[in-house]
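Inspection log for the structure reproduced underneath, given as structure tokens.
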Amino acid sequence: MMGCEHIRNLAAMEGVDITAIADPNEKPRDWGRSACGDRFAPEVYEDYRGLLARTDVDAVVVASPNYSHIDVMRDIFQTDKHVMLEKPMCTTITDCKELVTSADQHPGMVWVGLEYRYMPPITATLQHLHTIGNIRMCAIREHRFPFLKKVGDWNRFNRNTGGTLVEKCCHFFDLMTQVIPSKPTRVIASGGQDVNHLNESYGGETPDILDNAYVIVEFANGARALLDLCMFAEGSRHEQHIAVTGDIGKIETTVPGDELIISNRASNDFQTIKIEPDSRVKEQGLHHGASYLEHLGFIEAINNGAPPAVTVRDGLLSVVMGAAAQQSIESGQAVNLNDLL
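In the working numbering, the protein residues as written are 1 to 341.
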């Protein structure tokens, strides 16, 4: 699914050619061909190593199952190619640390696909943070539909995904670190699998992925962030709601949405700001134009020899926060991030 999302976004851009696609399964290969349409005529591989061996490939987008990221990246690090690696960077902290070390020595650029940063409501929020003073709280709520089915049902088990709070929520932990100008230090979480996938069975196993959780993240400067996740909330008007509160005001927005609400304590009032569409976006895709803007940034960084806007260290921290939340739920104890980093 995400591979085709990337293809559709690239098809809307100029100066881009998809020369090859790879997937071990026939059906996704067919989806990839279809997504290319008349714009691209790629060579199609069952083994991605054939793609990596090509000299006419400058950059690679990795959108394979989470658990495969580390092995794919190990092979990419044997080349000089640039790479956009889908979130989560890896499923374990150990693999993430290995990837950070290898990326530091890699001649190509490594960009981690935490594209939520580029969603218009999120971008607008980040641009207006200065209006609300010293930020003390950030609350992110996602109430949505259950995980979609994936090829081979790999996303039904924690061992393949890293756990719901890594797989799904690394985006939100990354946003917390963008909003709060401090280092996250401690995570406290409560969650469970209470509704979804309980009657499913794959190879005699019942899925073990969380479908709801509350996660509190404490930061070194005393600020706090909260994630409220529910994955059995189909039909919600807004899938996501974000509130950032400072000592002089608050910002609220929704995804999807086109408004920013900024309140002020002194005036005891609020103003509504219209979020205008980004004129650069030619493909809205599955993420409200964020994937398109992500690719624009990726290509610009390659052309200019610039560092990635979303780094492997960003990817590592987003996984560490998610893994800490999973660990807190399992143990019933708070988890100090320094113990994991």
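For every residue, glycine included, the Cβ atom is placed at its ideal position computed from N, Cα and C. Here the structure is a predicted model, which is why all the values come from computation and not from measurement.
Reference residue i; option with closest CA among the options
| i | options | result |
| --- | --- | --- |
| residue 184 | 199, 153, 217 and 178 | 217 |
| residue 295 | 27, 110 and 98 | 110 |
| residue 113 | 170, 20, 221 and 25 | 170 |
| residue 57 | 17, 73, 336 and 28 | 17 |
| residue 257 | 122, 28, 50 and 95 | 122 |
| residue 97 | 4, 312 and 329 | 312 |
| residue 7 | 35, 22 and 195 | 35 |
| residue 37 | 22, 11 and 24 | 11 |
| residue 144 | 188, 249, 213 and 95 | 213 |
| residue 302 | 82, 196 and 4 | 82 |
| residue 119 | 282, 304, 299 and 278 | 278 |
| residue 219 | 182, 239, 198 and 1 | 182 |
| residue 297 | 287, 288 and 308 | 308 |
| residue 232 | 203, 193 and 248 | 193 |
| residue 76 | 339, 51, 93 and 273 | 51 |
| residue 26 | 47, 9 and 78 | 47 |
Cβ distance (whole Å) where residue i is taken to contact residue j below 8 Å
| i | j | result |
| --- | --- | --- |
| residue 207 | residue 270 | Rounded, the Cβ-Cβ distance is 42 Å, inconsistent with contact. |
| residue 136 | residue 334 | With 8 Å as the limit, residue 136 and residue 334 do not qualify as a contact, their Cβ atoms being about 20 Å apart. |
| residue 116 | residue 290 | 6 Å |
| residue 260 | residue 280 | Not a contact, Cβ separation roughly 19 Å. |
| residue 255 | residue 276 | Their Cβ separation, rounded to whole angstroms, is 16 Å, which puts residue 255 and residue 276 out of contact at 8 Å. |
| residue 54 | residue 20 | 6 Å |
| residue 329 | residue 191 | 5 Å |
For residue i, the first and last residue of its enclosing alpha helix (DSSP H)
| i | result |
| --- | --- |
| residue 297 | 290 to 304 |
| residue 239 | Where residue 239 is concerned, there is no enclosing alpha helix (DSSP H), given that its DSSP letter is neither H nor E. |
| residue 85 | Element bounds for residue 85: not the alpha helix (DSSP H) but the beta strand (DSSP E), 82 to 86. |
| residue 250 | Note, residue 250: premise wrong, no alpha helix (DSSP H); beta strand (DSSP E) at 249 to 255. |
| residue 68 | Unbroken run through residue 68: none, as it is neither H nor E. |
| residue 3 | 2 to 11 |
Strand pairing of residue i, partner residues [DSSP]
| i | result |
| --- | --- |
| residue 45 | 22 |
| residue 352 | The structure shown does not extend to residue 352, since the chain is modelled only from 1 to 341, so the question has no answer here. |
| residue 271 | 262 |
| residue 135 | 246 |
| residue 205 | 202 |
Residue i - containing beta strand (DSSP E), residue span
| i | result |
| --- | --- |
| residue 310 | Counting along the chain, residue 310 falls outside any beta strand (DSSP E), and DSSP gives it neither H nor E. |
| residue 189 | 184 to 192 |
| residue 110 | 110 to 113 |
Evaluate the contact criterion for the region 308 to 322 versus the region 84 to 93: three or more CB pairs, one atom per stretch, below 8 Å. yes
The region 227 to 242 contacting the region 129 to 147, beta-carbon criterion three pairs below 8 Å: yes
Assess contact between the region 33 to 43 and the region 62 to 70, defined as three or more Cβ pairs (one per stretch) separated by less than 8 Å. Is contact present? no
The region 148 to 163 / the region 54 to 61 touching (three or more Cβ pairs under 8 Å): no
Quick test of the definition: if touching needs 3 or more C-beta pairs under 8 Å, does the region 251 to 265 touch the region 124 to 136? yes
Is it a yes or a no for the region 160 to 173 touching the region 200 to 215, going by three-plus beta-carbon pairs under 8 Å? yes
Say whether the region 105 to 120 touches the region 321 to 333, bearing in mind that this needs 3 or more beta-carbon pairs closer than 8 Å, one atom from each stretch. no
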